[in-house]
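Residue numbers (full-length UniProt numbering), protein chains in the order written: chain R, 1 to 216; chain F, 1 to 219. All remarks here apply to the structure that follows.
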Amino acid sequence: MYGDLGLKLVQHAKRTQSLPQLPPYQSDIVRSVTREVRDLDRDVTEILEPFNGHFDPAEEPATACSLLVHHLCMRRNKRCLLAYHRVRVEAIEEMCWSGSDLLEQVQASQNKVAEGGAGIGSAEGSGASSLSPEEEEYARQYGDLLAAYKGQWTDIDLTGSLEPPRDLFIDVRVLKDAGEIQTEYGAITLTKNSQFFVRQGDVERLIAQGFLQKLN
Amino acid sequence: MDIDDLLQELDDNKVLGGTRDINDLTQSWIAERTAPEILPFQTALLERLMERIRQQIELVETQTGNLDPKTNFCLILLQTELERVKFLVRGYLRARIHKIDKYSIYILTTPSIRGRLSPPELSYLKSHLGLLNSHFLASFLRRFPEQLRRLDDKAGGISMVEEPDLDGAVFCKVVRDIEDNIARIPGTDSEFKLTKGDVYVVRYSAVREFVLRGEIELI
């Protein structure tokens, strides 16, 4: 039925907002909704054809009504599509800001699918990425744009924490091996399960990436 | 003149340039976070502050390695202050970027608002919109009929361009004596008098002019 698929997209978008990770891109539904719009548009052209551009709504109220419904359906589908994509784009931008590596996540999900799908067969292996190719491209470009804007404010580190800084030095625990980092007090080797008292500015990025945990 | 006025005068004279800048920055940050629309970019203020941040960083770098406990302590104070100022600047810029993303088309198409952006912000806004546009086009809009491809449609009674809600409520404080001190609430008959020191919760649209002139601060 007209509009059903659009509603599904909106429901997907709504659900996406409360999920920590992006669910797979619904390329089938997107394609069907787009096709619906094209079909509707063709119908409109067919309805208008016998009038040769001299259509008077007052003379043919029935046709006018059908045209209106067609137009409203198309607009509604467009809004549904835009809403769905917008929500996903916002999630992607959020990831760019928080500095988590998108490609890494994509790869991780690919690996998961590969492991899970090994027993069933490789049928699911191809569509593993949760982003559409267009979205991957967008993520890359937005990352570049963000980097360019951040470049204007090198001293500030725009993607830094938005919590007001309370102490200059904090206690951190290492959750994953992160190798050696350079600080002004010399090099520190971050091995798993060790604990350090370090300058917050030095390790902020590692906390955001999940290597370190801040202790109070 | 009572004791409060005397204290006030003392405060005004004693505040040093640097401290005043920090106060201004804090105020701009608060205002930017509470105002529904984007406010003019504080170009001069930000330039002065960035210059000082650079100087302080240099100072910290040259002083590191000095093992004298006294300088070490000073350094910690300096760095703590630096982190705090940086946090304010970051918060200020991020609050602006948030609004720029949210109301991008509205800002771009309203010349008076557009002038409030700094050049880097404007170029960010334009490239971001371009990216979004081409992303939507590539994802589905290119398969749409020609007349349905626009992103700033106003047909059907619903505008696609999101505008800031200027009627949103804000907390504000009158900080100066104002000559023409009657504020009217648009769309209603009610009006109220603005006296220095008063605090109000009111629709932003009623005090917008005063806020832009700096006579009222958002809190």
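Here a beta-carbon is modelled for each residue, glycine too, at the ideal position from N, C-alpha and C.
The distance from the Cβ of Gly-201/R to that of Glu-83/F is about 6 Å, consistent with a contact at the 8 Å cut-off.
Between Ser-112/F and Leu-129/F a beta carbon distance of about 19 Å is seen, past the 8 Å cut, so the two are scored as non-contacting. Between Phe-73/F and chain R, the shortest Cβ-Cβ separation is not below 9 Å.
For the segment 130-143 of chain R, the set of positions with a beta-carbon nearer than 9 Å to some beta-carbon of chain F reads Ser-132, Pro-133, Glu-134, Glu-135, Glu-137, Tyr-138, Gln-141, Tyr-142 in chain order. Per DSSP, Ala-13/R is one residue of the alpha helix (DSSP H) stretching across 4-17. Of all alpha-carbon atoms in Ala-169/F, Ala-206/F, Ile-100/F, the one lying nearest the alpha-carbon of Pro-186/F is that of Ala-206/F.
Taking 9 Å as the cut-off, the Cβ atoms of Leu-168/R and Ile-76/F count as close. The beta-carbon of Glu-60/R is placed no less than 9 Å from the nearest beta-carbon of chain F. At a cut-off of 9 Å between beta-carbon atoms, Ile-181/R makes no contact with chain F. In this structure, Phe-192/F is the residue among Val-161/F, Phe-192/F, Thr-188/F, Lys-173/F with its C-alpha nearest to the C-alpha of Ile-182/F.
Not a single C-beta of chain R is nearer than 9 Å to the C-beta of Lys-193/F. Within the DSSP secondary-structure output, Asp-171/R pairs in a beta bridge with Phe-197/R, Leu-215/R. Burial is judged here by how many other beta carbons sit within 10 angstroms of a residue's own beta carbon; Arg-35/R has fewer than 16 and is exposed.
Beta bridge pairing from DSSP links Gly-186/R with Thr-183/R. Residues of the same chain with a CB within less than 6 Å of the CB of Glu-215/F, apart from the 5 flanking positions on each side, are Arg-176, Ile-178 in chain order. Per the C-alpha coordinates, the member of Ile-30/F, Ile-38/F, Gln-27/F, Leu-25/F positioned closest to Asp-165/F is Ile-38/F. Neighbourhood of Val-89/F in chain R, by CB distance below 7 Å: Ile-156, in chain order. Classified as buried, His-12/R has 16 or more neighbouring CB atoms from the shown chains inside 10 Å of its CB. Residue pairing by DSSP places Tyr-200/F opposite Cys-172/F in a beta bridge. By the Cβ criterion, the segment 145-164 of chain R is in contact with the segment 89-106 of chain F, since at least three pairs of Cβ atoms, one from each stretch, lie closer than 8 Å. Neighbours of Lys-86/F across chain R, judged by C-beta separation under 9 Å: Asp-155, Ile-156, Asp-157, Gly-160, Pro-165, Gly-201.
Take Gln-195/R, set aside five residues on each side of it, and the residues of its chain with a beta-carbon closer than 6 Å to its own are Arg-173, in chain order. Between Leu-145/R and Tyr-124/F, the C-beta gap is smaller than 9 Å, which places the two residues in contact.
Against Gln-63/F, chain R offers no close residue; the least beta-carbon distance is about 11 Å (beta-carbon pairs closer than 7 Å). Residues of chain F whose Cβ lies closer than 9 Å to the Cβ of Met-74/R are, in chain order, Phe-144, Pro-145, Leu-148.
Taking a contact as a CB-CB distance under 8 Å, the pair Asp-155/R and Ile-22/F does not count as one, their CB atoms being some 16 Å apart. At least one beta carbon of chain R lies nearer than 9 Å to the beta carbon of Ser-139/F.
Residue environment for Gly-6/R: buried (at least 16 other C-beta atoms within 10 angstroms of its C-beta). Closest option to Asn-77/R, judged by alpha-carbon separation, among Val-89/R, Glu-90/R, Arg-31/R, His-54/R: Arg-31/R.
Only Val-30, Thr-34, Val-37, Arg-38, Asp-41 from the segment 19-48 of chain R bring a Cβ to less than 7 Å from some Cβ of chain F. In summary, His-54/R is exposed, with fewer than 16 beta-carbon neighbours lying within 10 Å of its beta-carbon over all protein chains present. Bounds of the beta strand (DSSP E) holding Phe-192/F are 191-193. Of Thr-63/R, Lys-8/R, Leu-22/R, Ala-139/R, the smallest CA-CA separation from Ile-47/R is found for Thr-63/R. In the DSSP assignment, Arg-143/F falls outside any beta strand (DSSP E), carrying neither H nor E.
Using a 10 angstroms sphere on the CB of Leu-81/R, the tally of other CB atoms reaches 16 or more, which defines it as buried. At a cut-off of 9 Å, the C-beta of Leu-108/F has no neighbouring C-beta in chain R.
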